[in-house]
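These protein sequences, in sequence, are chains D and E. For the first sequence, our numbering begins at 793 and goes up steadily by one. For the second sequence, our numbering begins at 48 and goes up steadily by one. Glycine is no exception: its CB is placed at the ideal position from the N, C-alpha and C atoms. Quantities reported herein were computed from a predicted structural model and do not represent experimental measurements.
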Amino acid sequence: MDFILIGLKDCHIDALVLLTQDEVLGELGEWLAEDYAQNSYSNGKERSLLIYQLSNELFIRSSGNFVQNWQKCNGNGSQEYISEEPDEVLVQERKYPHLKDAIFLKAFSELKQQPDFLKLRVQAKFLSGRTYFTPEEKPILNSWLRDSDRVSLFEFFRDKVLEYKDDTNRSFTDSIL
Amino acid sequence: MRFPLRKQELQKTVLTAWVEQAKTQQEMEIATDEQQEQQMQTLTESELEQEEVLEIHRPRVSNYRKQAVPWNLERLFDEGYWKESTKKDEIRYEETFQQIASLHPVISLEDILAVGKLKPMADFDGRIHGSLNLFPVFQSIQEQKQLFVPFGLCQGAWILSSLV
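What follows is the structure, given as structure tokens:
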């Protein structure tokens, strides 16, 4: 389990869904890729969707309305680029193709640094059986573990999450967990 | 290890089963490795180059099939769609493929823990959900005809690591 779907509304994450690889490689991922390319299905919608790959720490899919919605809340980026008119957006995209990439990268970077996203990412990694956590994730993991029933959580991780992951099970004893 | 031989079989078969897309009222075809490889190619090389090696590998031939719970793509951006996630009481055993395919593909972690009769042992964020396709918590009556016992030891229990 390596992919999560993130639902954003008003720049806040309101849903995180652990996905199968088949969903990401199949219809769901293709639908978002098409929407990103044409900004067709999500245009004007308040909800944005992103797919994030845990192992690469990358956003690999984004709905077409993500940047516009993100900038509405955060109020930064190139105002020259932003337009409410779909036709105008297309014109600007042709004029500034690299700017679009830069704005996307900036928005992704800002989202990745949000404490709320980090907290959700830590729990998603735990549930997917990962035992490596980045330096920025470790304090969040520690805080979460401190407030949990650690014995039960340990048993849950060992007996349920890692039940069929022999390799991870072996490395578990040397991990931060 | 409780049932080492059985567990080994599960890893080779049930846990590595190919998930097929819903095709209502039609017999689903068994997918081949070639189809999987074609789908893999839809991700770009750069996206995949650092991808972790999956610990569970699919078999070359699988006689096992599992009904996928499809997404309603037309409604992905509608607020109402996200409020209709599957609830724990909707997970029943002995469903038909059609009934399984009609479920909402998303279920909250809280509900899936409840289905697995697990008590919350941590303050998991309430926004965390799982795709229903990750959780083999139901068994179709149609699957009883399959070569392998669906979900085997996992039947009725909650596992997260399957069918990745």
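Chain E within 9 Å of residue i, Cβ atoms only
i: residue 805/D; result: yes
i: residue 863/D; result: no
i: residue 925/D; result: no
i: residue 855/D; result: yes
i: residue 952/D; result: yes
i: residue 905/D; result: no
i: residue 899/D; result: no
i: residue 933/D; result: no
i: residue 867/D; result: no
i: residue 930/D; result: no
i: residue 873/D; result: With a pLDDT of 46 at residue 873/D, under the threshold of 50, the predicted position of this residue should be treated as unreliable, and no value is reported.
i: residue 842/D; result: no
i: residue 915/D; result: yes
i: residue 902/D; result: no
i: residue 800/D; result: no
Amino acids of chain D, ordered along the chain, whose beta-carbon sits closer than 8 Å to that of residue i
i: residue 174/E; result: 805, 806, 807, 808 and 912
i: residue 165/E; result: 948 and 952
Residue nearest to residue i in terms of C-alpha spacing, selected from the options
i: residue 846/D; options: 936/D, 933/D and 915/D; result: 915/D
i: residue 905/D; options: 830/D, 926/D, 821/D and 947/D; result: 926/D
i: residue 801/D; options: 815/D, 861/D and 851/D; result: 861/D
i: residue 123/E; options: 832/D, 910/D and 907/D; result: 832/D
i: residue 945/D; options: 918/D, 932/D, 837/D and 839/D; result: 918/D
i: residue 118/E; options: 854/D, 856/D, 840/D and 819/D; result: 819/D
i: residue 799/D; options: 954/D, 817/D, 894/D and 912/D; result: 912/D
i: residue 949/D; options: 863/D, 922/D, 806/D and 841/D; result: 922/D
i: residue 843/D; options: 835/D, 811/D, 867/D and 830/D; result: 811/D
i: residue 173/E; options: 163/E, 180/E, 154/E and 179/E; result: 154/E
i: residue 143/E; options: 129/E, 115/E, 178/E and 176/E; result: 115/E
i: residue 157/E; options: 175/E, 131/E, 126/E and 120/E; result: 175/E
Under 8 Å by beta carbon: chain E residues contacting residue i
i: residue 941/D; result: 168 and 169
i: residue 945/D; result: 168 and 169
Beta-bridge pairing of residue i - partner residues as DSSP gives them
i: residue 133/E; result: 154/E
i: residue 807/D; result: 799/D
i: residue 175/E; result: 808/D
Min CB distance residue i to chain D below 9 Å
i: residue 126/E; result: yes
i: residue 162/E; result: no
i: residue 71/E; result: Unreliable placement is indicated for residue 71/E, whose pLDDT of 36 sits below 50; the coordinate value is still reported in the next sentence. Residue 71/E does not count as touching chain D.
i: residue 121/E; result: yes
i: residue 150/E; result: no
Neighbouring residues, chain E, relative to residue i (Cβ below 7 Å)
i: residue 938/D; result: What residue 938/D touches in chain E: nothing, since even the nearest Cβ is about 10 Å away.
i: residue 832/D; result: Ordered by position in chain E, no residue passes the 7 Å Cβ test against residue 832/D, which lies about 11 Å from the chain.
i: residue 811/D; result: 178
i: residue 815/D; result: 178 and 180
Interface residues of chain E facing residue i [CB-CB closer than 9 Å]
i: residue 819/D; result: 68, 117, 118 and 120
Which parts of the region 817-863 of chain D are runs of the beta strand (DSSP E), unbroken and 3 residues or longer, counting only runs that do not cross its ends?
-> Correct list: 839-845 and 850-854.
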